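Structure below.
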């Protein structure tokens with residue numbers, strides 16, 4: 005298509021184009037003007053036509069739609085009506101609070117108001133009508149202001165549901181439900197059969213229950229009676245009548261509590277005025293129950309319990325508690341008795357306790373006195389031993405000197421006898437002192453230590469050899485090397501006593517054997533003799549002080565020796581045993597604990613005695629505060645051949661040495677010097693003064709371990725009082741020898 | 030009744046091909062029952078002397094109102110007829126009317142016409158349940174139909190207006206409208222009708238647009254003259270576009286090659302009346318400078334005619350008769366294609382009665398080369 009004739013020359017074509025454009029532009033300009041020309045009218049007209057056509061189309065569409073909608077609505081309405089008419093429930097729809105549609109059933113439920121149930125009826129109006137209807141008997145809720153109540157419930161929830169009873173025992177359930185903000189649905193469902201069935205079931209159940217209850221009532225062991233809220237008897241059982249002793253005639257249903265109480269009072273059935281007072285009952289009931297024990301006229305004890313019931317009545321339960329109460333009484337009585345007994349017992353105990361306390365006090369006092377006595381005794385002993393032993397020491401030394409001096413003179417036998425008598429006295433005294441010490445409870449009486457048993461036995465053997473020779477008894481010792489745990493001094497004494505005993509109770513020609521043997525961890529020391537033996541009866545007695553066997557020769561031995569042995573063994577825990585047969589001999593045995601590997605500390609005083617034939621030309625410094633003893637010692641030593649310097653105290657000793665310039669070969673010092681002066685102090689001072697480590701021997705009656713240690717530390721030997729001369733000389737020799745030997749230790 | 034077709038029941042129809050006016054009138058007047066007739070429509074061929082016709086009508090029909098116009102041809106009970114005087118008598122039982130003569134179409138006075146029409150309408154009391162419509166007969170050479178019909182649409186918004194422009198055969202010399210027994214020129218007759226019958230108005234044409242566009246680049250809208258199309262002399266350009274020689278342009282060519290104006294999917298025909306010596310084209314409908322038009326081409330006429338005339342009432346009934354305003358150019362085309370007989374057959378079958386016009390008015394629009402019809406449907410069976 006071409007607007008311009010292509011055959012025309014270009015300029016013509018261009019001109020034509022220009023005219024076209026101009027025409028179009030003119031037209032365009034004119035378009036907006038009001039055009040009253042014919043063409044303008046035409047244009048308007050066709051414009052209008054097009055609009056009208058469009059509108060017509062729309063209208064037709066709308067009309068069709070409307071027709072469709074109307075048709076649908078009509079259909080729906082018909083369907084709804086059909087549905088409603090076949091519903092078995094009464095149905096009503098309230099829209100915006102006014103009745104919109106309902107079915108026949110809904111209308112005719114209450115026939116007298118059916119005519120007024122028309123479209124437009126309000127919800128409240130319907131309820132008003134319902135309430136006014138003659139056919140309505142009751143409803144289970146009060147119906148008022150359902151509209152306002154509905155407002156409160158959310159959509160879809162059952163706003164209200166109530167049961168309606170109509171005349172003729174017809175029951176309906178009316179349900180209100182809000183289905184949407186505008187619509188409320190009421191449904192009336194007939195529930196008559198359900199209600200009736202329910203009722204009959206309930207009745208059956210109640211009847212059954214009643215029968216059951218009655219049966220239970222009758223079989224109860226307590227008496228029960230129920231009262232109505234008005235206070236009249238409703239139900240009671242036989243037990244109730246029996247327990248109270250009230251006849252059935254007085255407990256007919258309807259009898260009041262007052263009447264019952266009056267009856268009981270009149271017949272003296274219950275003796276409890278407070279119980280019978282009705283006002284009390286009321287008061288107690290309001291407080292929620294009452295439990296009271298009353299005594300029944302016929303001797304019974306009854307527990308009456310009253311409790312309120314849910315319906316306002318109350319229940320009275322009566323229990324026979326006669327037995328219980330009796331038992332209770334019994335129990336109470338018993339309790340009282342017991343209490344009285346206990347009280348008395350308590351008093352007695354208190355007395356006894358006080359008594360005991362008194363006794364204890366007395367005992368304590370006694371113990372104190374005993375201890376005081378013991379300690380005083382110990383002190384006494386200590387003092388006594390020292391004081392006693394000093395003169396004895398002196399006497400011994402003097403007698404020894406005398407013996408030597410009397411050699412070859414006619415005085416010798418007398419001096420020998422004197423010596424022997426004196427020796428006996430000495431031994432007795434020692435034994436006495438030992439016994440005293442051993443019988444005290446002084447823990448320091450014995451000092452267990454390690455003892456060379458072999459050496460001890462050798463010592464005893466050596467000491468007693470002269471005696472055995474004198475009695476013409478063969479004394480033997482079995483050598484042994486064993487260390488035991490015991491007190492060396494007391495053990496020595498014990499062994500010595502046994503040996504002496506053995507010698508003394510053996511006839512001439514007999515044998516005494518001293519030996520020891522191992523028995524496991526123990527050592528058994530035995531002293532065997534072929535002596536006169538001890539018969540069974542005496543075996544016990546001989547250990548007692550001063551007791552003697554009957555067959556003992558009068559005048560021999562001492563009575564204390566075995567006592568000392570006995571006490572020593574008891575103190576040291578050694579088992580002492582005796583086997584003997586009269587005429588055959590005896591064996592005394594002491595069981596000792598073996599000690600460790602420690603070497604027994606040899607008691608230098610028990611070393612074998614040396615002979616008296618070596619030269620004894622030592623310079624001896626003797627420090628002794630007792631003049632007698634000093635004299636005696638000097639005499640002895642000088643007899644042996646020593647040069648003796650005797651001083652009573654440490655200062656004097658020092659002076660003497662300073663003056664004389666003599667350095668003694670050995671110092672013999674008594675431990676107990678005057679005042680605070682001691683032998684050890686003297687030795688120390690002398691050693692200081694001379695600048696020599698002088699050998700020293702301490703003479704003391706003190707047998708304590710402490711002193712021996714002190715002495716040992718000072719390198720001072722110790723010999724005990726009373727001094728055994730046979731030991732003294734070799735000891736001095738040994739000490740000097742040792743010192744000269746260059747050895748420092750000892 | 031001719032050819033066994035049943036006649037319309039609600040209108041009396043008569044026609045006469047007599048050459049003598051009085052004879053023709055006398056012929057047709059016999060069908061009129063003066064007492065029972067509300068009004069009469071008369072369509073006059075241009076072969077009759079109009080004064081004679083008027084006088085004869087007045088004498089024969091007396092007080093019966095007579096309306097009508099000159100025509101370019103008639104559609105009678107025989108179909109397309111030429112030179113026939115057609116008379117249609119509308120019974121009082123079914124019809125009422127009121128008329129307005131609109132004189133002096135040039136210059137067009139909107140207010141005068143509006144006033145006159147409103148007055149007449151106010152006086153024409155409506156009858157309950159009857160349908161209202163209006164028929165318009167206009168001087169076909171006044172060139173004012175567009176304004177007129179637009180005005181009437183405005184003034185009578187609720188009354189559909191159907192009309193045909195008076196014709197003058199193919200002479201295009203003088204055209205007259207008939208009112209109150211007198212012929213007027215430069216005038217129009219508006220006939221308001223009320224009827225108890227159901228009425229359906231319709232129109233159709235048989236043209237489709239080609240792709241060829243024409244732009245009016247110089248014109249005289251008042252005279253419906255187009256001087257230039259597409260910047261070139263109108264007639265020449267039209268001839269070029271139509272594909273024939275300038276000298277060969279004739280009414281037949283015009284009829285077959287109308288020019289269409291397009292609006293919202295609808296096409297309206299602007300028929301070409303004549304080509305002047307200055308190579309201008311005169312149109313039979315409103316045109317304007319700068320308008321873009323499309324060249325149209327025709328479809329098959331018979332089927333479109335049959336389809337267009339197939340009107341049914343709400344109940345599915347065929348019309349009792351159709352009052353037809355058929356453009357003269359359609360007739361020319363039919364005659365050119367020698368389809369007169371089948372077309373006439375169709376007209377007879379559909380009981381179309383009317384005339385060939387120089388223009389048609391429908392729905393407030395003045396059109397060309399269109400068939401405008403008013404179908405009258407009988408009431409339910411049983412009522413005569």
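Residue numbers (the working numbering), protein chains in the order written: chain H, 5 to 750; chain X, 30 to 413.
Note that beta-carbon positions come from the ideal geometry of N, C-alpha and C, so glycine has one too.
None of the values given here were measured: they were computed from a predicted structure.
Residue 506(H) vs residue 457(H) beta-carbon contact at 8 Å: Annotated as distal: residue 506(H) and residue 457(H), with beta-carbon spacing of 8 Å or more.
Between the CA atoms of residue 502(H) and residue 567(H) - distance to the nearest angstrom: In a straight line, the C-alpha of residue 567(H) is about 11 Å away from that of residue 502(H).
Cβ-based contacts, 8 Å cut-off: residues of the segment 317 to 328 of chain X near chain H: Against chain H - using a Cβ distance shorter than 8 Å - the residues of the segment 317 to 328 of chain X are 317, 318, 319, 320 and 321.
Cβ of residue 250(X) within 8 Å of any chain H Cβ: yes
Through-space distance from residue 124(X) to residue 407(X), alpha-carbon basis: So the alpha carbons of these two residues sit roughly 12 Å apart.
Residues that residue 238(X) bridges to, as DSSP identifies them: Residue pairing from DSSP places residue 238(X) in a beta bridge opposite 325(X).
Near-chain H residues of the segment 299 to 315 of chain X (beta-carbon distance less than 7 Å), N- to C-terminal order: 315
Own chain, CB closer than 8 Å to residue 254(H), minus 5 neighbours either side, in chain order: 263, 264 and 267
Residues near residue 425(H) by beta carbon distance below 7 Å, same chain, minus five either side: Result list for residue 425(H): empty, nothing under 7 Å.
Residue-level contact to chain X via CB, residue 9(H), 8 Å cutoff: yes
Interface flag, residue 37(H) vs chain X, CB-CB below 8 Å: It does not: the Cβ of residue 37(H) has no partner Cβ on chain X nearer than 8 Å.
Close beta carbons around residue 404(X), own chain, < 6 Å, minus the five adjacent residues each side: 229, 340, 348 and 351
8 Å Cβ cutoff, residue 392(X) in contact with chain H: yes
Chain X contact for residue 67(H) (CB, 8 Å cutoff): no
C-beta neighbour in chain H for residue 269(X), strict 8 Å: yes
At least 3 beta-carbon pairs within less than 8 Å: the segment 41 to 50 of chain H vs the segment 176 to 183 of chain X: yes
Neighbourhood of residue 259(X) by C-beta distance below 7 Å, restricted to the same chain and skipping five residues each side: 243, 244, 246 and 266
Best match in 203(H), 109(H) and 495(H) for proximity to residue 575(H) [C-alpha to C-alpha]: Taking only the C-alpha atoms, the option nearest residue 575(H) is 495(H).
Residue span of the alpha helix (DSSP H) that contains residue 501(H), given as start and end: 492 to 508
Between the CA atoms of residue 129(X) and residue 282(X) - distance to the nearest angstrom: 37 Å
Simplified DSSP state of residue 626(H), which is helix, strand or coil: Looking at residue 626(H) - three-state DSSP - the assignment turns out to be strand.
Alpha carbon of residue 86(X) to alpha carbon of residue 291(X), nearest angstrom: 43 Å
Against chain H: residues of the segment 275 to 298 of chain X by CB proximity under 9 Å: 290, 292, 293, 294, 295 and 297
Chain X contact residues for residue 63(H), given Cβ-Cβ distances below 7 Å: Those within 7 Å of residue 63(H) in chain X number zero; the least Cβ separation is about 16 Å.
Proximal chain H residues relative to residue 1(X), where beta-carbon distance stays under 7 Å: Chain X is shown only over 30 to 413; residue 1(X) falls outside these bounds and no answer can be derived.
Residue 297(H) versus residue 256(H) - alpha carbon distance: 25 Å
Runs of beta strand (DSSP E) lying entirely within the segment 122 to 172 of chain X, each at least 3 residues, in chain order: 124 to 132 and 160 to 167
Assigned exposure category for residue 474(H) - 16 Cβ within 10 Å defines buried: exposed
At least 3 beta-carbon pairs within less than 8 Å: the segment 187 to 201 of chain X vs the segment 160 to 173 of chain X: Yes: the two stretches touch, three or more of their Cβ pairs being nearer than 8 Å.
DSSP state of residue 47(H) mapped onto helix, strand, coil: helix
Integer Cβ distance of residue 739(H) from residue 721(H), believed to fall under 8 Å: 6 Å
Chain X residues whose Cβ lies nearer than 9 Å to that of residue 51(H): 292 and 293
Distance between beta carbons of residue 122(X) and residue 158(X), contact taken as under 8 Å: Going by Cβ atoms, the distance from residue 158(X) to residue 122(X) rounds to 14 Å, so no, they are not a contact pair.
Cβ contact check for the segment 103 to 121 of chain X and the segment 59 to 74 of chain X: 3 or more pairs under 8 Å: yes
Below-8 Å beta-carbon distance, residue 28(H) vs any chain X residue: For residue 28(H), the answer is yes, since a Cβ of chain X falls inside 8 Å of its Cβ.
Residue 545(H), enclosing alpha helix (DSSP H) - first and last residue: 540 to 545
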